[in-house]
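S.K.:
Chains as they are written, first to last, in the numbering used here: chain F, 33 to 376; chain H, 33 to 376.
1. In the DSSP output, which residue or residues are listed as bridge partners for residue 348 of chain H?
2. Determine the closest residue to residue 82 of chain H out of H:283, H:206, H:110, with distance taken between C-alpha atoms.
3. Could you have a look at residue 67 of chain F and say whether DSSP puts it in helix, strand or coil?
4. Check whether the Cβ atoms of residue 378 of chain F and residue 282 of chain F sit closer than 8 Å, and answer yes or no.
5. What is the C-beta distance between residue 135 of chain H and residue 84 of chain F, in whole angstroms, given that I count them as a contact (C-beta under 8 Å)?
6. Quick check on this structure: which residue in F:373, F:35, F:194 has the alpha carbon closest to the alpha carbon of residue 54 of chain F?
7. Along the beta strand (DSSP E) that carries residue 306 of chain H, what are the first and last residues, could you check?
8. What are the start and end residues of the beta strand (DSSP E) that includes residue 1 of chain H?
9. Which runs of the beta strand (DSSP E) spanning at least 3 residues fall entirely within the segment 102-173 of chain F, listed in chain order?
10. What in chain F is Cβ-close to residue 106 of chain H, meaning under 9 Å?
11. Tell me the start and end of each unbroken beta strand (DSSP E) in the segment 258-288 of chain F that is at least 3 residues and wholly inside, in chain order.
12. Out of H:52, H:229, H:260, which has the shortest C-alpha to C-alpha gap to residue 362 of chain H?
13. Taking 8 Å as the CB-CB cut-off, is residue 375 of chain H touching chain F?
14. Does the beta carbon of residue 121 of chain H sit closer than 8 Å to a beta carbon anywhere in chain F?
15. Rounded to whole angstroms, what is the Cα-Cα separation between residue 264 of chain H and residue 315 of chain F?
16. When the distance is taken between beta carbons, is residue 122 of chain H closer than 8 Å to residue 434 of chain H?
17. Please classify residue 241 of chain H: is it buried, with 16 or more other beta-carbons within 10 angstroms of its beta-carbon, or exposed?
18. Does residue 171 of chain H pass the burial test, meaning 16 or more other C-beta atoms within 10 Å, or should it be called exposed?
19. I'd like to know if residue 112 of chain H contacts chain F, where contact means its C-beta is closer than 8 Å to some C-beta of that chain.
20. Give me, in chain order, the residues of the same chain whose beta-carbon lies closer than 7 Å to that of residue 320 of chain H; leave out the 5 immediate sequence neighbours on both sides.
21. Compute the beta-carbon to beta-carbon distance between residue 86 of chain F and residue 57 of chain F, rounded to the nearest angstrom, for a pair I have assumed lies under 8 Å.
22. If you compare alpha carbons, which of F:145, F:292, F:107, F:91 is closest to residue 120 of chain F?
23. Does DSSP classify residue 323 of chain F as helix, strand or coil?
24. Take the Cβ of residue 154 of chain H as the centre, count every other Cβ of all protein chains shown within 10 Å, and call the residue buried at 16 or more, exposed below.
25. For residue 88 of chain F and residue 308 of chain F, I'd like the C-alpha separation in whole angstroms.
26. Pull out every residue of the segment 347-369 of chain F whose Cβ sits closer than 7 Å to any Cβ of chain H, in chain order.
27. Using DSSP with H/G/I as helix, E/B as strand and the rest coil, what is residue 74 of chain F?
28. Could you tell me whether the segment 126-146 of chain F touches the segment 192-209 of chain F, where touching means 3 or more Cβ pairs closer than 8 Å?
29. What does DSSP give as the partner residues of residue 371 of chain H in its beta bridges?
30. Ordered along the chain, which non-local residues of its own chain (more than five positions away) have a Cβ less than 7 Å from that of residue 174 of chain F?
31. With DSSP run on the structure shown, which of helix, strand or coil describes residue 242 of chain F?
32. I'd like the list of long-range same chain contacts for residue 310 of chain F, defined as Cβ closer than 8 Å, with 5 residues on each side in sequence excluded.
33. Does DSSP classify residue 89 of chain F as helix, strand or coil?
34. May I have the straight-line CA-CA distance separating residue 251 of chain F from residue 218 of chain F, to the nearest angstrom?
35. In whole angstroms, what is the alpha-carbon distance linking residue 104 of chain H and residue 322 of chain F?
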């Protein structure tokens, strides 16, 4: 099953492109995002973040509208949910396959078995609806630290093996066969063979970004979003241009390139669309509303004096998910406005 | 004149507290923010970011509603504005007093004189409204790099001296006396004597944050905002608690404390309100929606097993301006909802 994560784009219009390509289910990371996509006819969503017992009301409302997958790694969360959910959900047990963020350690078979039995016991209760145990879910986010596609592919192999091992341990304990689900763009982009998993949930690949490019997960041609930033100051004497584009627009995420902190790079544009990154230009610093665009090459320094206040430049973001989160809509290059969900 | 920057709180309700204290004018950093405060009866606002020639329509609409100050450092911006503004504005010439973000260098007297004359010439044109030249404006943002209050106070003294020198140069060139305006919380917090400036525009002090605390600009008792974060996972075996509170909530801003990257700290609460930071707890890592809260002391590790999914903890942000930007309202500790502006 291909269940792409929609947290990167968070747009019903972009989601329609997935639907047109045959995708019928997706992953989200908050009840609000799930509700938005439910409003746009998505009927099968997994919330791939540990369910929050304070949100059982919102989760139950969602479960009444669609096939809802919930992620848990703690019996107390399960108990709180089972007590308050009136509609059936599919529980995924989160497994820590090496990221050390959420989940039960992949080799802590005792806890995995206990929680799996807990879900099945809750599901069998006469007073609760027929919740199901869908399987084991992980986010192999350690792939974001991989410097090369080979390293990311190695993460993929390790994550898959650990999920398979955990599933086998549950089988050996007498539990039914479970699905295994993983998703993170660097590892999936680096791996041609996704076999051995039941479900794939990458998300960032829809736009890619400088972080993925630097790790070799994509090519420059794959960069699919950029922020149009107005020039508000030009300073040839210090090789800089000032943009009204700060942390509140680009996010404060950064990359280290050649020992320098970089918050974005310029993307070229011609009548065919985005072209390539423009060499020699980097966002060298951000404050709340300002971005300092620095010319680092002789070529860029030669181009700089031609820029003037009121020009627009396109900045490719370091981390597309965080940058897009700052906006409430997209514009396509032919001027179409695409709505997106925005957290209140 | 005390013209606090409202970009930190962006809330009409918080602004009312300023009004009750006698404040009648404010600073903002976007036309949208200005429009929001204009809707809430603020009639004198300065936009303290280089004016964007692409926004002359919005700026003109604002100038028709209130006394609008605009910031410029380029003749081309001035020309674009003067051509399209039908309502009078007050122009501030931005001066670079050492931050090297926006502005004409404080000692580039020739360019300062030229632009000042340009404003006066535009103002005298028979076909344009009577724009005024208000003065010289700077942001001494280099104070954010000051590690101590003494270093921040030294920035204050330097910034003031440079503004005064620039003003004198304009006087010597035959221009009328101009006001000088500066504003940045670290330098103003560190300086008991604000004399010698005509206008003060600090903003962050309304809430303060861990960055200001670390620089000695405030005490723990001054921390006035925090994010209520739900616990979604508890991992005693690796001294961590997982919060549904990621970069999209806290912003990805970080501080280095004892060589460690810290994205937030826990703030205590009792019936009297916020108390002090809780020792031994730090947000050690963020991803888009997750925050990893780490117990670093024996005391914190002892407290950890008592936490459970569904608990709420209060996280004091590293940089209040960026964190608050992620939300559309505040809650006071007695349950009152305070609206805030949110950029679309």
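Every residue gets a Cβ at the ideal spot worked out from N, C-alpha and C, and that includes glycine.
The structure displayed is predicted, hence computed values, not measured ones.
M.R.: The short version:
1. Taking the second chain and counting its residues from 1, the one referred to as residue 348 of chain H is at position 316. DSSP lists H:297 as the bridge partner or partners of residue 348 of chain H.
2. Against the second chain, residue 82 of chain H aligns to sequence position 50. Sorting H:283, H:206, H:110 by C-alpha distance to the C-alpha of residue 82 of chain H places H:110 at the top.
3. Along the first chain, read from residue 1 onward, the residue named residue 67 of chain F stands at position 35. Annotated three-state conformation of residue 67 of chain F is helix, per DSSP.
4. Chain F is shown only over 33 to 376; residue 378 of chain F falls outside these bounds and no answer can be derived.
5. Numbered from 1 along the second chain, position 103 holds the residue referred to as residue 135 of chain H. Numbered from 1 along the first chain, position 52 holds the residue referred to as residue 84 of chain F. About 46 Å separates the two Cβ atoms, so there is no contact after all.
6. Numbered from 1 along the first chain, position 22 holds the residue referred to as residue 54 of chain F. Checking every option, the nearest Cα to that of residue 54 of chain F belongs to F:35.
7. Locating residue 306 of chain H in the second chain gives position 274, counting from the first residue. If you look at residue 306 of chain H, you'll find it in the beta strand (DSSP E) that goes 305-318.
8. With chain H covering only 33 through 376, there is no way to say anything about residue 1 of chain H.
9. Every beta strand (DSSP E) stretch that sits fully inside the segment 102-173 of chain F and reaches 3 residues is listed by chain position as 122-128, 164-170.
10. As a working mapping, residue 106 of chain H is identified with position 74 in the second chain. Near residue 106 of chain H (Cβ distances below 9 Å), the residues of chain F are 264, 265, 266, 340, 341.
11. With a minimum length of 3 residues, the continuous beta strand (DSSP E) runs that stay inside the segment 258-288 of chain F are 259-267, 272-275.
12. Taking the first residue of the second chain as 1, we reach residue 362 of chain H at position 330. Cα-wise, what sits closest to residue 362 of chain H is H:260.
13. The residue given as residue 375 of chain H occupies position 343 in the second chain. So yes, residue 375 of chain H belongs to the interface.
14. Position 89 of the second chain, counting from 1, holds the residue named residue 121 of chain H. By this cut-off, residue 121 of chain H is not an interface position.
15. Along the second chain, one-based indexing puts residue 264 of chain H at 232. Along the first chain, one-based indexing puts residue 315 of chain F at 283. One C-alpha to the other measures close to 35 Å.
16. Only positions 33 to 376 of chain H appear in this structure, which leaves residue 434 of chain H out of reach.
17. Locating residue 241 of chain H in the second chain gives position 209, where the first residue counts as 1. Buried: at least 16 other Cβ atoms inside 10 Å.
18. Position 139 of the second chain, counted from the start, is the residue given in the question as residue 171 of chain H. Residue burial is scored here from C-beta neighbours: residue 171 of chain H has at least 16 other C-beta atoms within 10 angstroms and is therefore classed as buried.
19. Along the second chain, one-based indexing puts residue 112 of chain H at 80. Residue 112 of chain H counts as touching chain F.
20. Here residue 320 of chain H refers to the residue found at position 288 when the second chain is read from its first residue. Here the set comprises 278, 279, 280.
21. By 1-based counting over the first chain, the position of residue 86 of chain F is 54. By 1-based counting over the first chain, the position of residue 57 of chain F is 25. So it is not a contact: roughly 26 Å between Cβ atoms.
22. For the purposes of this step, residue 120 of chain F is identified with residue 88 of the first chain, where counting begins at 1. From the listed residues F:145, F:292, F:107, F:91, the smallest Cα separation to residue 120 of chain F is found for F:91.
23. The sequence position of residue 323 of chain F within the first chain is 291, counting from 1. DSSP places residue 323 of chain F in strand when its eight states are reduced to three.
24. Walking along the second chain from the start, residue 154 of chain H turns up at place 122. By the beta-carbon neighbour count (other beta carbons within 10 angstroms, threshold 16), residue 154 of chain H is buried.
25. Position 56 of the first chain holds residue 88 of chain F. Position 276 of the first chain holds residue 308 of chain F. Rounded to whole angstroms, residue 88 of chain F to residue 308 of chain F spans 46 Å at the Cα level.
26. Contact annotation: in the segment 347-369 of chain F, residues whose CB is within less than 7 Å of a CB in chain H are 353, 354, 357, 360.
27. Start at 1 with the first residue of the first chain, and residue 74 of chain F comes out as number 42. Note: residue 74 of chain F maps to coil in three-state DSSP.
28. Pairwise C-beta distances place the segment 126-146 of chain F in contact with the segment 192-209 of chain F, as three or more of them are shorter than 8 Å.
29. Against the second chain, residue 371 of chain H aligns to sequence position 339. Partner(s): H:361.
30. The count along the first chain starts at 1 and reaches residue 174 of chain F at position 142. Within the same chain, residue 174 of chain F has close Cβ partners 130, 131, 187.
31. For the purposes of this step, residue 242 of chain F is taken as the residue at position 210 of the first chain. DSSP places residue 242 of chain F in helix when its eight states are reduced to three.
32. Sequence index remark: in the first chain, residue 310 of chain F carries index 278 (1-based). Here the set comprises 297, 298, 299, 300, 332.
33. Here residue 89 of chain F is taken as the residue at index 57 of the first chain, counted from 1. In the structure shown, residue 89 of chain F sits in a helix (DSSP, three-state: H, G or I).
34. By 1-based counting over the first chain, the position of residue 251 of chain F is 219. By 1-based counting over the first chain, the position of residue 218 of chain F is 186. A straight line joining the alpha-carbon of residue 251 of chain F with that of residue 218 of chain F spans about 12 Å.
35. Counting from 1 along the second chain, the entry for residue 104 of chain H is found at position 72. Counting from 1 along the first chain, the entry for residue 322 of chain F is found at position 290. Taking the straight line joining both Cα atoms gives about 14 Å.
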